[in-house]
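Asker: Taking the working numbering, I'd label the letters of the sequence shown as residues 3 to 150.
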Amino acid sequence: MAPATVRPRVSAGAVFFDADGRLLLVDPTYKEFWNLPGGGLDHGETPRAACIREVREELSLQPPIGALLATAWATRPGAEPQIYFVFDGGVLDAAHQSAITVDGHELREHRFVAVAEAHAMVPPWQADLLTEVLAARRDGTHRYVELT
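1) Do V88 and A72 count as a contact pair if the criterion is CB distance below 8 Å?
2) Just the Cα atoms here: how many angstroms apart are V17 and G46?
3) Which ranges would you report for the beta strand (DSSP E) in the segment 20-59 if only whole runs of at least 3 residues count?
4) Tell me whether D105 is buried or exposed, calling it buried when 16 or more other Cβ atoms sit within 10 Å of its Cβ.
5) Check whether the Cβ of P126 lies closer than 8 Å to any Cβ atom in chain B.
6) Under 8 Å, with one C-beta from each stretch per pair, do the segment 60-68 and the segment 89-104 reach the 3-pair mark?
7) On the DSSP letters alone, give me the boundaries of the alpha helix (DSSP H) that R145 sits inside.
8) Which of the three DSSP states is assigned to Q64 in this structure?
9) If contacts are defined as beta-carbon pairs under 8 Å, then A14 and G40 qualify, I think. What distance do you get, rounded to the angstrom?
10) Name the one or two DSSP bridge partners that V88 has.
11) Would a C-beta distance cut-off of 8 Å place V117 and A21 closer than the cut-off?
12) Compute the Euclidean distance between the alpha carbons of I54 and V12, then round it to the nearest angstrom.
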């Protein structure tokens with residue numbers, strides 16, 4: 003008998019920065035750690051479309067979404083596998099920053115933090131992904147990452 007296969011969850015998100023180079027993180031009500039803005043793909047939705055929709059739903063923003071920076075395959079003990087697409091959201095100007103609102107139901111708050119602080123606020127697997135995403139953004143490349 004062949005082992006059962008598990009389809010991975012598929013999510014998309016973006017990295018956004020302020021003019022001082024701080025990274026935007028969000029605090030989801032349904033997780034115990036901070037996260038990049040984004041979320042799961044709906045049936046038939048592309049990763050870019052999901053990223054745009056999730057940013058609009060979570061932050062009430064529709065900034066341009068740039069290049070795909072990283073694709074990750076993540077497997078963690080006790081969790082189903084996940085494929086994660088991370089896009090470049092660029093630098094948010096003051097108008098975009100002041101327009102950010104969170105509903106208090108899906109997200110508790112948002113915060114721009116130094117990259118070193120961001121690494122300490124997200125789970126270890128996501129900190130590893132963040133390292134690759136930032137390197138890809140700096141180098142103008144795309145990264146494929148397998149995280150465990």
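No residue lacks a Cβ here, since even glycine has one placed at the ideal position from N, Cα and C.
These figures come from a predicted structure and were not determined experimentally.
Answerer: To lay it out plainly:
1) Inclusion of A72 and V88 in the CB contact set at 8 Å is warranted, their separation being smaller than that value.
2) Taking the straight line joining both Cα atoms gives about 23 Å.
3) For the segment 20-59, the continuous beta strand (DSSP E) assignments of 3+ residues that do not extend past its boundaries occur at 25-30 and 40-42, in sequence order.
4) So D105 counts as exposed.
5) Within the model displayed, chain B is absent; a lone protein chain is all it includes.
6) At 8 Å Cβ cutoff, the stretches touch.
7) That residue, R145, is in no alpha helix (DSSP H); its beta strand (DSSP E) goes R145 to L149.
8) Q64: coil per DSSP, three-state reduction.
9) Sure, about 5 Å apart at Cβ, within 8 Å.
10) In the DSSP output, where bridge partners are listed per residue, V88 has G15 and A72.
11) Cβ distance not < 8 Å, so V117 and A21 don't count as in contact.
12) Answer to the nearest angstrom: the Cα atoms are 15 Å apart.
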